[in-house]
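At position 194 of the sequence shown the residue is numbered 194 (UniProt numbering), and the sequence of numbers has no breaks.
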Amino acid sequence: MENQTSINIDCHGYEENTATTILPFKFPIYQRNQCTIFDQEEENESYSLENIIFYILHFPLCITTILLNVIAINLVRNIRGPVKATNKLFLNLAVANIATSILSLIREIVYGFIMNQKMGKYDWLITFWVLDVPWAMAYFVAVLSLVGIALVRYIAVLHPLKRLFLLTRSHIHKYILMSWIVSITTVSTISALFRTFPKRSIFGIYCRAFALPLLHIICYITSIG
């Protein structure tokens, strides 16, 4: 029977005892309200190289996203004539992307340079609701804006006669408002439930360690696109 490497998962701010599990590989993850995974035999090993690589990729992506979306907003606002439904949704998308990038930069600075050691339970709880939840809200608004743009193009192509009736200014404004309301309520509810999951559950451990960082990277690749 092959030997398996024992991995220690340290959930900062959740409980004093660490959860131990068996994984076939080592996957170092930085804190940011998630579980830091490290090898038991190399508990004190520094992952500075991984962190440097992460920041080299992360910060330029965030800054590029902000600059491109600011340029896009200026270009759309300078278009002559009435603002079309697609352009309004695109402006909403650009604002959400900028908010997502700014919050992400703040998150990485706070988690990477300020809270880079074990903090109290309430310190992590405050940063979760002040930084992580608004970041997720802005990201959800961006997704809903993309859905709205797709719906507008669908109506314009397949139902051209109903386009003027369906894509009125009031309908677009209501959709934009709805995107923010749905985002705030949905993300807040999911975040509250997320905090109540057992600390040793599969969801509580692996979602923080793998799913959220992956979603984080996908967010900026799609935003720049």
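Even glycine gets a Cβ: it sits at the ideal position worked out from N, Cα and C. Here the structure is a predicted model, which means the values were calculated and not measured.
Which two residues bound the contiguous alpha helix (DSSP H) that contains residue i?
i	result
ARG107	85-109
ARG146	The sequence shown places Leu at residue 146, rather than the Arg named in the question. Per DSSP, LEU146 belongs to the alpha helix (DSSP H) from 133-158.
LEU166	163-166
Which class does residue i belong to by DSSP, given the choice of helix, strand or coil?
i	result
GLU41	The predicted position of GLU41 is uncertain, since its pLDDT is 40 and thus under 50; no value can be drawn from it.
PRO82	coil
Relative to the alpha-carbon of residue i, which residue among the options has its alpha-carbon at the smallest distance?
i	options	result
PHE128	SER188, TYR55 and ILE66	SER188
VAL130	ILE106, ARG153 and LEU151	ILE106
ALA96	ILE155, VAL152, PRO134 and ILE56	PRO134
Spatial neighbours of residue i within its chain, please: C-beta separation below 7 angstroms, excluding the five flanking residues on both sides.
i	result
LEU91	ILE73 and VAL76
Going by beta carbon distance, what residues of the same chain come within less than 8 angstroms of residue i, once the five residues before and after it are set aside?
i	result
ARG153	THR86
TYR55	GLU108 and GLY112
Take residue i and list the residues in its own chain whose beta-carbon comes closer than 6 angstroms to its own, dropping the five residues that flank it on each side.
i	result
CYS62	SER101, SER104 and LEU105
LEU93	ALA142 and SER145
LEU166	ILE155
When you measure from the CB of residue i to every non-hydrogen atom of the ligand NAD, does any distance come out below 7 angstroms?
i	result
TYR111	Absence of the ligand NAD from the depicted structure is noted, as is the absence of any ligand whatsoever, leaving it without description.
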